[in-house]
Structures are given as C-alpha cells and as structure tokens.
Amino acid sequence: MGFQQGLSGLSIASKALDAISNNVSNSGTVGYKQAVAQFSDVFAASLASGATQVGIGAQVAKVAQQFGQGNITTSTNGLDLAINGQGFFRMSNDGAITYSRNGQFQTDKNGYIVNSQGLRLTGKVADANGVLTGATGDLKLNLSDAKPQATSSAGYNVNLDSRSATPTSLTAASGKSAAIASLTGATPSFTLAATDKLTFQLDGETGSTVVTMPAGTYTDVGSLAAAIQTAIDQSALKGRIKVAGDSTPALTFTSARTGRLSGITVTGTPATLLPTTTTAGSNANFSINDPSSYTSSTSQTVYDSLGNPHTQSLYFVKTAQANTWDVYSSLDGLPPQINADAKALNPTTTENRWMSVSFDSNGVFQSTSLYQKDPANPTQMAYVQSPSSKVQVAYDITTGATTQLTFDVDLNGTTQFGNSYGINQLTQDGFTTGKLSGLSVSADGTVLGNFSNGQSRVMGQVFLVSFQNPNGLKSVGGNQWVSTNDSGPEQPNAPGTGVLGVIQSGALEDSNVDLTAELVNMITQQRAYQANAQSIKTQDQVLQTLVNLR
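Counting in our numbering, the sequence shown runs from 1 upward without gaps.
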C-alpha cells in the first residue's frame with residue numbers, strides 16, 4: 001500500500017514549512033540569508049526492470065541558503081558595515097574563527113571592534129602611527145590622542161592696495177655733500193665737465209649705476225641740483241633718487257625708498273659733490289601696536305611641535321619705491337629672531353628679520369627677499385635669502401616645544417592692485433593634538449579614526465573572506481557560519497579585490513528574505529501537506545475496503 005509515499009510527503013512538507021517559518025522569523029535579522037528546502041525522490045533498491053519501478057516517496061536533500069545580496073539600509077553608526085557584493089566578515093573568538101554577513105559592530109572596553117556576541121572583527125592591524133603593518137589579527141582602535149604637527153609653511157594670499165600712502169614712520173637714507181665753495185662769493189659759479197661721473201649704489205643692492213653729469217656752468221645750487229636730477233632721471237635710476245640744494249650751499253642725495261632697506265652711496269667726480277655725511281633709512285617708529293606705522297595687517301594661528309597654538313601676524317608697509325612693500329612679522333607679539341643669540345644683538349622689540357616683497361607693473365607678485373640685522377654690525381642690514389615665493393622665519397618660544405619655531409612664509413599669489421586691501425586665503429599645515437571624535441570605514445575596509453583637530457588616523461583594515469563553495473558553510477547560529485570541507489578554505493583579501501565586494505560604512509545589509517514569496521510558498525506547502533494527508537486517507541479507505549471483503 002502507498003502509506004510510505006504519503007508519509008514522506010507529509011515529512012518534507014513539514015520540513016519546507018519549517019524552513020519557510022524560519023525565513024519569516026528572520027526577515028528582520030541583519031545579514032540573514034534565506035534558506036530553501038530542496039527535495040529529491042526515493043526509490044527502493046531493486047533488480048527489477050526500471051519500467052515497473054514506483055517511487056517510495058520523497059526526502060529532503062538539502063536545506064540550502066541563498067547568498068544573494070540583501071537591500072542596504074543606512075544607519076547613524078559609523079561602525080555599522082554592509083558588504084555590497086560577495087564575501088564574509090571574519091570573526092575571532094579567542095582564535096576560533098567564524099564568518100558573518102551581519103555588520104552590526106561596536107567597540108568593547110578594550111577598544112576592539114566586536115559584534116553583539118563579543119566576537120572580534122579581524123583584518124590588517126596598524127601601528128601607533130597609523131601605518132598598516134601587514135600583520136593580521138583582531139582589529140583594535142588606538143584611542144590615544146592624535147599627535148600634533150608643527151607648522152612648516154604658512155601661506156598668505158592677500159591684495160595690497162596700490163593706492164595706499166607710505167606710512168610717515170618710514171624715513172629715507174640720504175647723503176649730504178660738503179658746502180660747494182665755488183658757489184659762494186661775489187660771482188658764484190660751478191662748472192661740470194663732460195667727463196664728470198657719479199656712481200650710485202642704492203638700497204643695499206650689490207650692483208651700482210654710473211650717471212654722466214651734465215656739462216655746463218651753474219651759478220646757484222638750485223640749478224645745479226636740477227641739472228643733476230635731470231641726468232639721473234635719464235638713467236636707469238629714474239625715480240629712485242631725489243636731488244635737492246640748500247643755502248649752505250650743499251647738495252642732498254636721497255633714496256626714494258623709505259624704511260630700513262633704504263640706503264645710498266655716492267662716489268665719483270667732481271669730488272666737491274660727494275656726500276660727506278650719510279643718514280640711514282629706518283623704520284624707527286614702526287610698532288605692531290601703532291596702526292599708523294604700517295599699511296595693513298593680517299594674522300593666523302600656527303602651531304609648535306607640542307601642538308600649542310600661536311598667533312603669527314604680518315604687517316605690510318608700503319614703501320616709497322614703486323611696487324615694493326616691506327613685510328614685518330610677529331609671533332604672539334614678539335619679533336622673529338636671527339638665531340638663539342639674536343636677543344643679545346638686539347634686546348629691544350625691534351624686528352631682527354623682515355621681508356621685502358616686489359610686484360611687477362601689473363600688480364602681479366614677483367618675489368620675496370629676506371633681510372636681517374647683520375650679526376657683526378647690528379646697525380646694518382644683511383641680505384639673507386635670495387628672491388623666491390617664500391622665506392623662512394624663526395621665533396623663540398617658551399612652551400617647551402622645539403625651539404626655535406621655524407617655518408616658511410609663502411606670499412605667492414599676493415597681488416598689488418588698485419583695490420581695497422583684502423584677504424583671499426590664509427593657509428598653514430600645522431595642527432594641535434586631538435581627541436578621537438568618530439570612526440569611519442572606507443570602501444576598501446580601511447578603518448579611520450577622526451579626531452577633534454580635523455585629522456584622521458588609520459586604525460586598521462577590515463579584511464573579507466570568500467569561499468569556493470559558500471553553500472558548504474555550516475550555520476552555527478548567531479548570524480555565524482563556520483567553514484567545512486565542502487566549503488573549502490577561507491580566501492581573505494581586502495574589500496574590492498577579486499570577487500569580494502566593497503564595504504559601505506554607516507549602513508547595514510538587510511535580510512534577503514522576500515516575505516511575499518515566503519507567504520506564497522507557505523500556502524503551497526500547506527496545500528502539499530493537505531494533499532499528502534489526503535493520499536494517506538485514500539489508502540486507508542482502500543485498505544478498509546479490502547478488510548471488509550467476505
């Protein structure tokens with residue numbers, strides 16, 4: 001009789017309903033994979049011809065999990081991880097390895113990345129400096145403060161107003177000749193020969209310019225000064241030297257440039273025209289506390305090697321020389337220094353170093369030069385750095401950090417246009433220390449710690465594993481699988497390599513159970529169960545008919 005077939009049908013329908021019910025109950029489980037009961041028919045072993053064989057029912061061949069991708073839902077936890085594609089998270093429990101698609105992670109009291117069961121996520125570990133070492137193990141967060149970085153470069157991109165007036169605190173260098181005796185007396189006259197020449201050296205420059213004097217006879221110092229001025233203006237020094245006469249009578253040669261870079265030296269013939277006294281240019285009245293002594297200023301925060309903040313300020317001074325500005329700086333109100341012994345050379349607050357910035361006739365930045373007081377003669381200036389887009393300054397600090405605090409000041413991009421002074425961009429590459437404020441994981445599995453100072457540090461890299469036969473994995477509950485001989489060995493690698501998917505941080509992979517389909521399957525199996533029960537009932541009725549035969 002056919003009871004065996006009906007009974008086996010009831011059994012597999014029941015198993016199928018079990019699988020469906022399990023799917024429905026786990027439809028909200030993160031990373032859960034749908035299970036499907038797969039059936040096979042059963043035949044009794046027989047030597048009889050297959051043409052007369054009748055099967056003896058069905059059996060459950062396998063309950064196979066379907067590793068299709070589930071929907072990805074965003075979350076607010078940076079350690080919630082979703083795998084978009086193939087692969088499994090590798091979890092460790094004191095060396096016992098399991099695998100999961102559930103990416104609900106957090107940190108334990110020791111800083112390890114764990115799931116709700118306390119299993120640790122594994123991958124490439126990083127050292128204290130945030131460098132991946134290549135070694136694999138349990139991922140542990142480095143909760144120490146982020147190291148500070150001393151400023152090595154500070155950029156100032158501003159527009160300096162070309163219409164600005166030169167501050168009155170700047171004085172120009174000048175040289176005065178001895179009294180011109182031939183211009184005194186009853187019939188004053190002074191004669192310049194065609195061979196008379198004067199050589200001028202200006203503003204600390206190494207080169208000099210020779211100017212041929214205008215030949216002629218002059219009866220007053222005013223006309224003599226005017227003639228020499230005309231000759232100078234016809235040379236390369238046009239606009240750079242002013243010549244004046246006084247009642248001594250004497251001539252005064254003055255550099256058009258003002259400030260400490262102003263300087264003038266005159267040599268040549270006739271001897272009676274050579275300066276005998278020289279007054280150096282200066283910024284004697286310059287003070288960071290006196291806005292009238294500079295044209296404009298700006299400041300930004302820089303950092304020493306311990307992460308202590310300091311305020312660096314730049315003061316722009318328009319000189320009388322066209323397209324040239326002097327720039328002074330301070331750190332927390334103190335001037336830059338030449339070296340550790342600079343204060344012995346200049347114990348006052350007068351700057352030991354300053355910059356000179358030049359522009360072309362279109363207002364475009366050309367170069368910056370650095371000057372300092374000559375250590376051998378503190379009353380004189382010395383050329384420090386050749387023209388470039390940036391110069392190096394050094395400041396004494398007392399915070400316990402590396403001293404001196406030395407970094408480049410980069411003025412590249414600064415302009416001198418006929419527009420109001422404005423700050424376009426201030427940049428610097430230093431930062432203070434920071435506290436861990438958040439975590440994120442990149443698509444390739446790199447775990448980044450985000451710190452309160454705006455910096456980030458690599459904490460490790462999540463590795464995923466793949467298997468030749470994922471259906472050979474054995475489910476052990478808790479959203480975990482273990483490998484078996486059927487699955488083959490694990491194949492770990494970085495996310496996004498080979499067949500492995502990528503990781504999405506702040507997201508979770510939903511269960512791939514389709515509730516609608518499962519409910520339809522449930523109805524189908526219910527009907528199958530009823531049909532098998534009906535076949536048993538029918539067999540029972542047939543048997544009862546046989547029993548009732550007389």
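Backbone N, C-alpha and C define an ideal beta-carbon position, used for all residues, glycine too.
As computed with DSSP, Asp-138 is found in a beta bridge with Thr-122. Bridge pairing for Ile-503: Ile-83 [DSSP]. Counting of Cβ neighbours within 10 angstroms places Gly-175 among the buried residues, the total reaching 16 or more. In this structure, Arg-120 is the residue among Arg-120, Gly-363 and Ala-517 with its C-alpha nearest to the C-alpha of Ala-96. Residue environment: Gln-461 is assigned as buried (16 or more neighbouring CB atoms within 10 Å of its CB, all protein chains considered). Taking all protein chains shown into account, Leu-10 has 16 or more neighbouring C-beta atoms within 10 Å of its C-beta and is therefore buried. By the CB criterion at 8 angstroms, Ser-296 and Phe-316 fall inside the cutoff. The Cβ-Cβ distance between Asn-84 and Gln-504 falls below 8 angstroms. For secondary structure counted as the beta strand (DSSP E) over 3 or more consecutive residues, the stretch 431-485 holds these complete runs in sequence order: 436-441, 446-451, 456-462, 464-466, 474-477 and 480-482. The continuous alpha helix (DSSP H) containing Tyr-529 extends over residues 515-547. For Leu-405, the uninterrupted beta strand (DSSP E) run begins and ends at 405-410, by DSSP. Under the DSSP definition of a beta bridge, Lys-318 partners with Trp-325. No residue range can be given for Thr-402, since it is assigned to no beta strand (DSSP E) and is classified by DSSP as neither H nor E. In the three-state reduction of the DSSP assignment, Phe-286 falls in the coil class, being assigned neither a helical nor a strand state. Its Cα nearest to that of Lys-124, the residue Arg-90 stands out among Ala-150, Arg-90 and Thr-151. As summarised for the stretch 198-264, the continuous beta strand (DSSP E) elements at least 3 residues long and confined to that stretch are 209-212, 216-218, 241-245 and 251-258, given in chain order. With a beta-carbon spacing of about 4 angstroms, Gly-6 and Ser-535 fall inside the 8 angstroms limit used to define contacts.
When DSSP states are grouped into helix, strand and coil, Ser-487 belongs to the coil group.
Annotated three-state conformation of Gln-69 is coil, per DSSP.
Secondary structure of Gln-4 (DSSP, three-state): helix.
Under DSSP, Val-302 shares a beta bridge with His-310.
Within its own chain, the residues whose Cβ lies closer than 8 angstroms to the Cβ of Pro-214, once the five positions on either side in sequence are excluded, are Leu-192, Ala-227, Ile-228, Thr-230 and Ala-231, listed in chain order. For Ala-271, the number of other beta carbons within 10 angstroms of its own is below 16, and it is reported as exposed. In the DSSP annotation of this structure, the continuous segment of the beta strand (DSSP E) that includes Arg-90 starts and ends at 88-93. One Cα belongs to Thr-252, the other to Leu-426, and the distance between them is close to 44 angstroms. Two segments are said to touch when three or more pairs of C-beta atoms, one from each, lie closer than 8 angstroms; by this definition the stretch 501-518 touches the stretch 20-40.
Here the stretch 426-441 makes no contact with the stretch 313-332; the two share fewer than three CB pairs at distances below 8 angstroms.
Lys-15 sits in a helix when the DSSP states are folded into three classes. In this model, Ser-305 and Leu-143 are separated by some 21 angstroms (Cα to Cα). Asp-410 sits close to Gly-155, with the two beta carbons spaced by under 8 angstroms.
In the three-state DSSP reduction, Ile-180 falls in the coil class, being neither helix nor strand. Counting only the Cα atoms, Thr-276 lies some 15 angstroms from Gly-245. For the set Pro-335, Phe-200 and Tyr-218, the Cα lying nearest the Cα of Ser-182 is the one of Tyr-218. Annotated as distal: Ser-262 and Ala-322, with beta-carbon spacing of 8 angstroms or more.
In its chain, beyond the 5 residues on either side, Val-357, Ser-358, Pro-387, Ser-388 and Ser-389 have a beta carbon closer than 8 angstroms to the beta carbon of Ser-367. In the structure shown, Ala-37 adopts extended strand secondary structure according to DSSP, grouped into three states.
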